Ligand SMILES: [Zn+2]
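See below:
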């Protein structure tokens, strides 16, 4: 449908007042106590079984003293918030969960466990990676979503937040496995294409230029891989899991079928491997890509001004997630709108946001239902 003939209507967010956080009800302190208690317990498990539950790269940069102080503050805060929850009389169950996990953490050694030398396993779970990214993401993105939201009436605990949190945890725990698979893929399948002359030339360029090259090349391969997932009916069933989100926020982007996650990681790794940029350029690119991937799904209404024509913003990617007719199969780019403009898939009515999100055909609403959905014949 041509863009001009479509009548854009504002989105009507359902009433989420029963899900909202309000001061004085004990719900805020209850959730804080519960989450800090569980995170502390998981952190203590990391201390107890570092070879199996922590990532070697992160262990190399940890400051043991700072981590112990952070764990001490977290544990006592969980108990403090639990007390506040009991005083406020509502949501006592959340406070009780916080107390149980905090006491479990204390019984396993709490914040006094000494840091031991660790023999690295080839494969370990990234529990420490999960804890750190979860804390950082919640702090940065819920703050941004509260101060400059697009949909102010959308609650933090919007429908299906538990499902997307599960996806977040699942993907972060498996980081070592995912890295191993994507490395194996690029080296074995595309090892022949690596050119030392090209890599030496890339490394001779200023870091800023290297970062720009990484962004453009990664976006090119990610654009076509993404488009292929939309246009191939078999692959669409896998990608539809990501599009089944009906409420956009920072957590929504975590919803991905495991096959999708493996393919995306491997495809993204390909230009990084072939170009052989400096570590500084790689670090800047990976940080930019990780931040942008979360930001574009977020419930954030920042007016990006002319920047919105240069980089993919929440408005741009929200349109990709829309089930409004003119937006279907558009805005595939991950970093820059450039390739959507070049290949005719650009959709950006700058004054309007989507009316609806999600797939036109509704998917199962559980992790396992979505895991097996692409392989069912009757779809
Ligand atoms: Zn898509």
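In this note's numbering, the protein residues as written are 67 to 445. For glycine and all other residues, C-beta sits at the position ideal for the given N, C-alpha and C. Because the structure is a prediction, the values reported are computed rather than measured.
Pairwise C-beta distances place the region 98-107 in contact with the region 124-144, as three or more of them are shorter than 8 Å.
Ranked by Cα distance from residue 433, the options 261, 362, 410, 228 are led by 228. Beyond the five residues adjoining it in sequence on each side, residue 87 comes within less than 7 Å, by CB distance, of 93, 94, 222 in the same chain, given in chain order. Rounded to the nearest whole angstrom, the C-alpha separation of residue 114 and residue 149 is 28 Å. For residue 296, the Cβ falls inside the 7 Å cut-off from some heavy atom of ligand 1.
Scanning its chain for C-beta atoms nearer than 6 Å, with the 5 sequence neighbours on each side dropped, one finds around residue 395 the residues 296, in chain order.
Out of 225, 250, 443, 272, the CA that lies nearest to the CA of residue 83 is found in 225. Bounds of any alpha helix (DSSP H) do not take in residue 377, whose DSSP letter is neither H nor E. For residue 277, the enclosing alpha helix (DSSP H) stretches over residues 273-297.
Residue 388 is bridged by DSSP to 423. Relative to the non-hydrogen atoms of ligand 1, the Cβ of residue 384 never comes closer than 7 Å to any of them. Spanning the alpha carbons of residue 75 and residue 85 requires a straight line of approximately 25 Å. The Cβ neighbour count for residue 212, taken over all protein chains shown within 10 Å, is under 16; the residue is labelled exposed. Annotation: the continuous alpha helix (DSSP H) that includes residue 149 extends over 130-154. Less than 8 Å divides the Cβ of residue 196 from the Cβ of residue 239. CA-to-CA, the gap between residue 289 and residue 333 works out to about 10 Å. DSSP links residue 403 through a beta bridge to no other residue.
The distance from the Cβ of residue 378 to that of residue 403 is about 6 Å, consistent with a contact at the 8 Å cut-off. The criterion of a C-beta distance shorter than 8 Å is not satisfied by residue 316 and residue 388. Taking 8 Å as the cut-off, the beta carbon of residue 264 is found no closer than this to the beta carbon of residue 351.
As DSSP reads the structure, residue 366 sits in a beta bridge with 215.
Here the alpha carbons of residue 169 and residue 323 stand approximately 35 Å from one another.
In the three-state reduction of the DSSP assignment, residue 106 falls in the helix class, which pools H, G and I. One thing to note: residue 126 has its Cβ no nearer than 8 Å to the Cβ of residue 185. Counting along the chain, residue 409 sits inside no alpha helix (DSSP H), nor does DSSP assign it H or E at all. Counting of Cβ neighbours within 10 angstroms places residue 365 among the buried residues, the total reaching 16 or more.
In the displayed model, residue 322 falls within coil according to three-state DSSP, outside both helix and strand.
Counting other Cβ atoms within 10 Å of its Cβ, residue 410 stays below 16 and is therefore classed as exposed. The nearest non-hydrogen atom of ligand 1 is 7 Å or more from the C-beta of residue 401. Judged by the Cβ position, residue 418 fails to qualify as a neighbour of ligand 1 at the 7 Å threshold, every heavy atom of the ligand being at least this far. Contact annotation: residue 397 and residue 375 have beta-carbon atoms that are not nearer than 8 Å. Cβ-Cβ separation between residue 276 and residue 268: approximately 6 Å, consistent with a contact (criterion under 8 Å). Here DSSP, grouped into helix, strand and coil, assigns residue 101 to helix. Between residue 401 and residue 330, the beta carbon gap of about 13 Å keeps them out of contact (Cβ cut-off 8 Å). Within 10 angstroms of the beta-carbon of residue 216 lie 16 or more other beta-carbons, which makes it buried. Taking C-beta atoms under 8 Å as the contact rule, residue 161 and residue 96 qualify, at a distance of about 5 Å.
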